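The numbering of the sequence shown is my numbering, which starts it at 1 and goes up by one.
By construction, the Cβ of each residue, glycine as well, lies at the ideal position given by its N, Cα and C atoms.
Keep in mind it's a predicted model, so treat the numbers as computed, not measured.
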Amino acid sequence: MAGKKMLGLLLTNFQDSYIPELTTQRTFSSIPFGAKYRLIDFSLSNMVNSGVSKIGVVTKNNYLSLMDHIGSGKAWNLSRRRGGLTFLPPFENTGDKYNKFVTTIDAIRDFIEHSYEDYMLISSSMSVVNMDYQQMMNAHLKTNADVTILYRNRPLSKNPSSEQIVFSLDKNSRVNEVLINPRTVDAADCMINTCIIKKDFLLEVVSDCVSRGKFDFARDVIQTAVKRHNVYGYEVKGYSAEIDSIQSYFKANMDLLKPEVREELFNMRNPIYTKVRDDMPTKYGLSSSVKNSLVSPGCIIEGEVENSIIFKGVHIAKGAKITNCIVMQDCAIGADTTLNYVICDKDVIVSPKRMLCGIESYPVCISKKSVV
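Right, dumping it as C-alpha cells:
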C-alpha cells in the first residue's frame, strides 16, 4: 500500500499565536474540542486510518499537556517497537549539551534523514476534518508531483495573526503561484496546512534553504518549489473547519450540534481516536433541562443547558442557565448563573449569581483555572 511509504510529521505549536486565549498554557494542537477530543486527534487519526504507522510530533513549547494526552500513542495503535510515535522536542544533542533547534526545519531534517519512507506527509492541527490521505497520495503518484498540497476554497480569515497561503491553480490542479497573506480578495483556494512531499526532494530543498539562511517553510520551501518543480493541489471534499481564531474555534464546536456534521466527522469507517477517560454517566437533576447540546459523561447537570458543548466532569448548579457556550473539563458553574456565548477553559469556577454574555462573533473566553 502507498500509505506504508509515508512518514507522518505533525507540527503542533506553530499556530499558537492564532488563539492566545487558549494557548498560554498549552500547544495549539492540545486545545480541547467537541466535548471529548483535542485538535490533534483529527490529524493524528487521519494519518493512522490512512496507513501511516510512523509519525513524528514536532513540538516547540508548552507541550506538557500534549505529551500527557498522547502518551505512548496507544489510543491510536502507535505504541509499537518499530515505527509508532516519536516526540521531536525543540532540542538537539550537540556533544555534552542540548541546544534549542534553530528552526522547525532542523527538527524535520534530523528526523527524516533516519527514516526509510519515500514520502513525507506533513500536517498541523488547524483543520477539523475526517479524510483519507491515501486518496491524496494516489493523486500525488498519478501526477508525479514533487509536492501535493491540500486546499479548499474558503473566505479568508480576518485574524491578523493567521498566516494564509493562497494558490493559483490551472485546470489540471497544478499550482502556478503561491501568495502569503493577500489582502485583495475575500475568498480563495487556501492551503489547509497539509502536504505530501518526496523525501529526497524535501531534503534537497531543506539543505538549500539552510545554506542560504532561509528557514520559513511556507516562503522558503513552498514558494521556491512552485517556481522550479511540480507542485499540485488536492481539494478537500465535504466538511472541514479551519481553526485560526477564537471565532472559528467557537463556530467549529457549534457545528457539531448539526447531525449531518457529526455523521461526517465521526463515522465508523474512519473513527477519530482520543485518550479515554473513564467516568460515571452524567447525572441530571429533577429541575434540569438540556436542549440541542453535547454533554460528556461524568457531569452533574442541575440547571438549564441549550446549544452548548459540555466536557467531562462539569457541574452546573441549580438555577444556572448555559446557552451557546463551551464549558471545558472539570468546570463548576454556580447556582443562578447566566452564561451566553462564553468559553470556559478547564477548571474554571464561576461563582453563584454571575452573569456573563458575549456575542457569536466575539465570545467571552475565561482562562484556565480562573475564578469568576
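By the neighbour-count criterion, in which a residue is buried when 16 or more other Cβ atoms sit within 10 angstroms of its Cβ, residue 187 is exposed. Runs of the beta strand (DSSP E) lying entirely within the stretch 117-186, each at least 3 residues long, are 119-124, 147-155, 165-169 and 175-180 in chain order. Contact between residue 298 and residue 317 fails: their C-beta atoms lie close to 16 Å from each other, not under 8 Å. The continuous alpha helix (DSSP H) containing residue 49 extends over residues 40-49. Annotated as distal: residue 167 and residue 238, with beta-carbon spacing of 7 Å or more.
According to DSSP, residue pairing for residue 242 in a beta bridge involves 127.
Residue burial annotation: residue 170 is exposed, with fewer than 16 other C-beta atoms found within 10 angstroms of its C-beta.
DSSP links residue 357 through a beta bridge to 340. Beta-bridge annotation (DSSP): residue 365 is paired with 343.
For residue 41, the number of other beta carbons within 10 angstroms of its own is at least 16, and it is reported as buried.
If you look at residue 54, you'll find it in the beta strand (DSSP E) that goes 54-58. Following the DSSP letters along the chain, one finds residue 272 in no beta strand (DSSP E), marked with neither H nor E. In this chain, residue 74 is not harboured by any alpha helix (DSSP H), its DSSP state being neither H nor E. Bridge pairing for residue 84: 54 [DSSP].
By the neighbour-count criterion, in which a residue is buried when 16 or more other Cβ atoms sit within 10 angstroms of its Cβ, residue 183 is exposed.
Counting C-beta pairs closer than 8 Å gives three or more between the stretch 35-51 and the stretch 3-12, which meets the contact rule. In the same chain as residue 73, and ignoring 5 residues on each side of it, the C-beta atoms closer than 7 Å to its own belong to 79, 84 and 85, in chain order.
Judged by DSSP secondary structure, residue 260 falls within the alpha helix (DSSP H) whose first and last residues are 259-265.
Inter-residue distance for residue 154 and residue 125 is about 18 Å (C-alpha atoms, whole angstroms).
Judged by their CB atoms, residue 340 and residue 365 are not nearer to each other than the 7 Å cut-off.
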